[in-house]
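Colleague: In the UniProt record's numbering, the protein residues as written are 1 to 111.
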Amino acid sequence: MKITAAKLLSLDCIRNESWTDMSPRPHYPSMPKYPKGLLLQENIERSKSRALFSVIGMTCPACAGSVEKAIKRLPGIREAIVDVLNNRARVLFYRSFVNVSHLPLIWHFLV
1 MKITAAKLLS LDCIRNESWT DMSPRPHYPS MPKYPKGLLL QENIERSKSR
51 ALFSVIGMTC PACAGSVEKA IKRLPGIREA IVDVLNNRAR VLFYRSFVNV
101 SHLPLIWHFL V
C-alpha cells in the first residue's frame, strides 16, 4: 500500500512540462511586457541590462527558488537565475523600468 502511494506521488510530481511551466511568470496588467515606444525586437534587446548580485543566507535550493520567485515578481525584471552554490543572483531587466542603484536596496528586503 505504501509503495502504491509513493508511485502515485511520483506521478503527480513529475509532469511532461518544463520547469518554467511549473512556476509561471507573474502577470502585471498595468505594466507592458516591454518599454513603451520600443516596438522592434532589436530595440527591446538593447533596452535589456544584466546585473550580478551576491545573495547571503541561502542554505538550500528551496531558498534559492523563493528568492528567484520574489525577484521575478518585481516590475521590470525580465529574468532571474539564482545560484545557491555560489550565492549569486543573475538578473536580466529593462533599464527604462529599473534603476540599477535601487536594486541592492530591493534585494535587502527580499532576503
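Ideal placement from N, C-alpha and C gives every residue a C-beta, glycine not left out.
This one's a predicted model, so the numbers in the text were calculated from it and none came from an experiment.
Assuming residue 54 is part of the beta strand (DSSP E), what are its boundary residues?
Modeller: From DSSP, the beta strand (DSSP E) with residue 54 extends over 48 to 54.
Colleague: Keeping to the same chain, check which residues put their C-beta closer than 8 Å to that of residue 19; ignore five residues upstream and five downstream.
Modeller: Summary for residue 19: the model assigns pLDDT 47, below 50, so the residue's position carries little reliability, and this model does not support an answer.
Colleague: Look up residue 67 in the DSSP assignment and say whether it is helix, strand or coil.
Modeller: Three-state result, residue 67: helix.
Colleague: Please go through the same chain and pick out, in chain order, the residues whose beta-carbon is closer than 6 Å to the beta-carbon of residue 64, but skip the five residues on each side of it.
Modeller: Cβ neighbours of residue 64 beyond the five flanking positions: 58, 82 and 84.
Colleague: Only counting the same chain, and skipping five residues up and downstream in sequence, which positions put a Cβ closer than 7 Å to that of residue 87?
Modeller: Same-chain partners within the cutoff: 54, 55, 56 and 58.
Colleague: Within the 8 Å Cβ cut-off, does residue 59 reach chain C?
Modeller: Here chain C cannot be found, since the structure has a single protein chain.
Colleague: Distance check for residue 52 and residue 12, CA to CA, integer angstroms please.
Modeller: Caution applies to residue 12, whose pLDDT of 36 falls short of 50 and renders its modelled position unreliable; the value that the coordinates give is listed next. Those two C-alpha atoms are separated by around 35 Å.
Colleague: Alpha carbon to alpha carbon, what distance is there between residue 49 and residue 60?
Modeller: Approximately 28 Å, taken between the alpha carbons.
Colleague: Can you check DSSP and say which residues form a bridge with residue 62?
Modeller: Its beta-bridge partners do not exist; DSSP assigns none.
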